[in-house]
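A.B. asks:
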Amino acid sequence: MKTGNLHEGDSYAKLVIDLKNAILASQRQVFKSANRQLLLLYLHTGRNLSEKIKAEKWGTAIMEKVSRDLQKQIPGLTGFSPRNLRKMRQFYEVYATTSIWPSLTAKLKDFAEVSQGLENVTAIDGFLDISFTHHLLILSKCKTSQHREFYIRNAASEGWSVTLLEHQIDAQLVNNQGKLPNNFEKTLPNNVSPSALHVFRDEYLMEYLAIDADNERAIENSIVTDIRNFLLTMGKGFSFLGNQYRVEVGGSEFFIDLLFYNRNLQCLVAFELKRGVFKPEYVGQLNFYLNGLDSQVRLPHENPSIGIILCREKNNTVVEYSIKNLGNAMGVATFRTTTKMPKSIKDVLPKPEELGRLLGS
Numbered sequence: 364m365k366t367g368n369l370h371e372g373d374s375y376a377k378l379v380i381d382l383k384n385a386i387l388a389s390q391r392q393v394f395k396s397a398n399r400q401l402l403l404l405y406l407h408t409g410r411n412l413s414e415k416i417k418a419e420k421w422g423t424a425i426m427e428k429v430s431r432d433l434q435k436q437i438p439g440l441t442g443f444s445p446r447n448l449r450k451m452r453q454f455y456e457v458y459a460t461t462s463i464w465p466s467l468t469a470k471l472k473d474f475a476e477v478s479q480g481l482e483n484v485t486a487i488d489g490f491l492d493i494s495f496t497h498h499l500l501i502l503s504k505c506k507t508s509q510h511r512e513f514y515i516r517n518a519a520s521e522g523w524s525v526t527l528l529e530h531q532i533d534a535q536l537v538n539n540q541g542k543l544p545n546n547f548e549k550t551l552p553n554n555v556s557p558s559a560l561h562v563f564r565d566e567y568l569m570e571y572l573a574i575d576a577d578n579e580r581a582i583e584n585s586i587v588t589d590i591r592n593f594l595l596t597m598g599k600g601f602s603f604l605g606n607q608y609r610v611e612v613g614g615s616e617f618f619i620d621l622l623f624y625n626r627n628l629q630c631l632v633a634f635e636l637k638r639g640v641f642k643p644e645y646v647g648q649l650n651f652y653l654n655g656l657d658s659q660v661r662l663p664h665e666n667p668s669i670g671i672i673l674c675r676e677k678n679n680t681v682v683e684y685s686i687k688n689l690g691n692a693m694g695v696a697t698f699r700t701t702t703k704m705p706k707s708i709k710d711v712l713p714k715p716e717e718l719g720r721l722l723g724s
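What the sequence shown shows, in the numbering used here, is residues 364 to 724, in sequence order.
Here it is in structure tokens:
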């Protein structure tokens, strides 16, 4: 049967792209919904265990008995070992007794009710949008409700992997965000400066980069190779425009290490990489690049370009003296690298294969 050239032309390509996007969007929604139901199941389980243990004054050995009997009732059940049941109880008790989720106890009358009204359950944006593994990591590393809430919101909104979340907690992002030494207030429009301060960080983690910290080009190449993870580390709104970005001034060529565009700030962002301790002379080079970008690359509707020097170490007083009278927006951050693989969290659930079984895949 003659089918014609259905595989040719923009119309067919658009059809395939539209179908692909619809499939991926649907898969994301299915996973998001399943993850929410799974979290609510764990909270429901944790609530029942917590309340019964307290009311009946049962000892901790009850977890082994419950796990054993669940296995008998549902042959092949995974994810409900004694250790995991204890984690579910902890998960419930932490949030049932803090101001993070004041309505939790009242809402968890029974699992059916919670399932129907989950949009009204959580008082934290993103609480039901990150995995149980994320939550267990936050519970194990964050001791205050304020810190837990900060990392829940950011992990959900930024799409952090568990590994990246662990790095951000270890780097104490909650204490360092907004502390980048900079001159934004003097150099950026009033409506941009506060946002810029929260976009850029005092320290950037470059996970899994097996690089020579004394070789700037190796650092640059590693970032470019793993640009997706670096963009996640940087936060929302960044698009990568290129490395060794060429700017011509006075007939000579100059090359910016890394150039990005930030949609939220509506500006170009240049990163210059330095392998050691910050030196005041680095500022002159980046200031020159920013002048070139604003003169030749920046569009009329865009905000002034921002420059970030990324170095191994810095003294904030030296940085402040170096940049305070500049006309271009600039900040200085440090970077930290690791070749360490993330710790395996053996007591978290569900493991990938267990999640598949629980969700019926």
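Note that the Cβ used here is the ideal one computed from N, Cα and C, for glycine as well.
1. In angstroms with no decimal places, state the Cα-to-Cα distance between Gly655 and Val682.
2. For Thr550, does the count of other Cβ atoms within 10 angstroms reach 16, so buried, or fall short, so exposed?
3. Three-state secondary structure (DSSP) at Arg564?
4. Note down, in chain order, each residue of its chain lying with its Cβ closer than 6 Å to the Cβ of Asp488, except the 5 sequence neighbours on either side.
5. Starting from Ile669 and walking both ways along the beta strand (DSSP E), at which residues does that stretch end?
6. Indicate whether Tyr652 and Phe617 have their beta-carbon atoms separated by less than 9 Å.
7. From Ser374 to Ser558, what does the alpha carbon distance come to, in whole angstroms?
8. At what residues does the beta strand (DSSP E) containing Ile619 begin and finish?
9. Under the DSSP definition of a beta bridge, which residues are partnered with Leu636?
10. Can we say the segment 516–526 touches the segment 658–666, given the rule of at least three CB pairs closer than 8 Å?
11. Given that a residue counts as buried once 16 or more other Cβ atoms are within 10 Å of its Cβ, and exposed if not, what is Tyr769?
12. In chain order, what are the residue ranges of uninterrupted alpha helix (DSSP H) at least 4 long that sit wholly in the segment 513–541?
13. Residues in its own chain within less than 8 Å of Tyr684 by CB, not counting five upstream and five downstream?
14. Could you give the first and the last residue of the continuous alpha helix (DSSP H) run that contains Gln436?
15. Determine the closest residue to Ile686 out of Asn650, Leu433, Leu636 and Asp492, with distance taken between C-alpha atoms.
16. Answer yes or no: do Leu402 and Leu491 have a C-beta to C-beta separation smaller than 9 Å?
17. In angstroms with no decimal places, state the Cα-to-Cα distance between Leu382 and Asn545.
18. Which residues bound the alpha helix (DSSP H) around Gln390?
19. Tell me which residues share the same chain as Leu378 and place their Cβ nearer than 7 Å to its Cβ, disregarding the 5 neighbours each side in the sequence.
20. How should His498 be labelled, buried or exposed, when 16 other C-beta atoms within 10 angstroms of its C-beta is the threshold for buried?
21. Return the chain-ordered list of same chain residues with a C-beta closer than 8 Å to the C-beta of Asn384, the five sequence neighbours on each side being excluded.
22. Under the three-state reduction of DSSP, which class applies to Phe698: helix, strand or coil?
23. Taking only the alpha-carbon atoms, compute the straight-line gap between Ser389 and Arg399 and give it to the nearest angstrom.
24. Considering only DSSP beta bridges, list what Cys630 is partnered with.
25. Can you list, in chain order, the residues of its chain whose CB lies under 6 Å from that of Ile493, leaving out five sequence neighbours each side?
26. Quick check for students: name the residue ranges of the alpha helix (DSSP H) that lie wholly in the segment 642–671, counting only runs of 4 or more.
27. Within this structure, are the beta carbons of Gln531 and His561 separated by less than 9 Å?
28. Rounded to whole angstroms, how far is the Cβ of Gln634 from the Cβ of Leu673, which I believe are closer than 8 Å?
29. With distances taken from CA atoms, which of Gln509, Asn554, Leu500 and Lys506 is nearest Leu628?
30. Quick one: residues in its chain with C-beta nearer than 7 Å to the C-beta of Leu440, no 5 flanking neighbours on either side, listed in chain order?
31. Am I right that Gly670 and Ala692 are in contact with their C-beta atoms under 8 Å? What's the rounded C-beta distance?
32. Is the Cβ-Cβ distance between Leu568 and Gly694 less than 9 Å?
C.D. replies: This is what the structure holds:
1. Locating residue 655 in the sequence shown gives position 292, where the first residue counts as 1. Locating residue 682 in the sequence shown gives position 319, where the first residue counts as 1. So the two alpha carbons sit approximately 22 Å from each other.
2. Sequence index remark: in the sequence shown, residue 550 carries index 187 (1-based). Result: buried.
3. Your numbering for residue 564 matches position 201 in the sequence shown. Of the three classes helix, strand and coil, the one that applies to Arg564 here is coil, per DSSP.
4. If you number the sequence shown from 1, residue 488 lands on position 125. Hits under 6 Å: Arg516.
5. As a first step, residue 669 must be located in the sequence shown, where it is residue number 306. Run containing Ile669: Ile669 to Cys674, per the beta strand (DSSP E) assignment.
6. The residue you call residue 652 lines up with position 289 of the sequence shown. The residue you call residue 617 lines up with position 254 of the sequence shown. Taking 9 Å as the Cβ cut-off, Tyr652 and Phe617 qualify as a contacting pair.
7. Your numbering for residue 374 matches position 11 in the sequence shown. Your numbering for residue 558 matches position 195 in the sequence shown. Answer to the nearest angstrom: the Cα atoms are 41 Å apart.
8. Stepping through the sequence shown from its first residue, residue 619 is reached at position 256. Note, Ile619: beta strand (DSSP E), Ser615 to Asn625.
9. As a first step, residue 636 is located in the sequence shown; it is residue number 273 there, counting from the start. Answer by DSSP bridge pairing, in chain order: Leu673.
10. no
11. Because residue 769 is not part of the residues shown, which for the chain are 364 to 724, the question remains open.
12. 525–533 and 536–539
13. For the purposes of this step, residue 684 is identified with residue 321 of the sequence shown, where counting begins at 1. Excluding residues within five positions, the ones whose Cβ falls inside 8 Å are Pro643.
14. Walking along the sequence shown from the start, residue 436 turns up at place 73. Residues Ile425 to Gln436.
15. Counting from 1 along the sequence shown, the entry for residue 686 is found at position 323. The residue with the shortest Cα to Cα distance from Ile686 is Asn650.
16. To locate residue 402, count along the sequence shown from 1; it is residue 39. To locate residue 491, count along the sequence shown from 1; it is residue 128. Yes.
17. Residue numbering aside, residue 382 sits at position 19 when the sequence shown is read from its first letter. Residue numbering aside, residue 545 sits at position 182 when the sequence shown is read from its first letter. Using only the alpha carbons, I get a separation of about 45 Å.
18. Position 27 of the sequence shown holds residue 390. Taken as a continuous stretch (DSSP letters only), the alpha helix (DSSP H) holding Gln390 covers Asp373 to Glu419.
19. Position 15 of the sequence shown, counted from the first residue, corresponds to residue 378. So no residue of the chain qualifies.
20. For this step, residue 498 is matched to residue 135 along the sequence shown. Its Cβ being crowded by 16 or more others within 10 Å, His498 is buried.
21. For the purposes of this step, residue 384 is identified with residue 21 of the sequence shown, where counting begins at 1. Hits under 8 Å: none found.
22. Walking along the sequence shown from the start, residue 698 turns up at place 335. It is a strand residue.
23. Counting from 1 along the sequence shown, the entry for residue 389 is found at position 26. Counting from 1 along the sequence shown, the entry for residue 399 is found at position 36. Near 15 Å, if we compare the C-alpha coordinates of Arg399 and Ser389.
24. Residue numbering aside, residue 630 sits at position 267 when the sequence shown is read from its first letter. For Cys630, which the question treats as bridged, DSSP gives the partners Asn625.
25. Numbered from its first residue, the sequence shown carries residue 493 at position 130. Answer for Ile493: Ala518 and Ala519, listed in chain order.
26. 644–659
27. Sequence index remark: in the sequence shown, residue 531 carries index 168 (1-based). Sequence index remark: in the sequence shown, residue 561 carries index 198 (1-based). Cβ distance not < 9 Å, so Gln531 and His561 don't count as in contact.
28. Position 271 of the sequence shown, counting from 1, holds the residue named residue 634. Position 310 of the sequence shown, counting from 1, holds the residue named residue 673. The sequence given here places Phe at residue 634; Gln does not occur at that position. Yes, Phe634 and Leu673 are in contact; Cβ-Cβ is about 6 Å, under 8 Å.
29. Translated into the one-based positions of the sequence shown, residue 628 becomes position 265. Checked all of Gln509, Asn554, Leu500 and Lys506; the closest Cα to Leu628 is Asn554.
30. As a first step, residue 440 must be located in the sequence shown, where it is residue number 77. Correct list, in chain order: Leu433 and Gln434.
31. As a first step, residue 670 must be located in the sequence shown, where it is residue number 307. As a first step, residue 692 must be located in the sequence shown, where it is residue number 329. Indeed they touch by this definition, with Cβ atoms about 7 Å apart.
32. On the sequence shown, position 205 is the one that residue 568 refers to. On the sequence shown, position 331 is the one that residue 694 refers to. It is not a contact, given that the beta carbons lie outside the stated cut-off.
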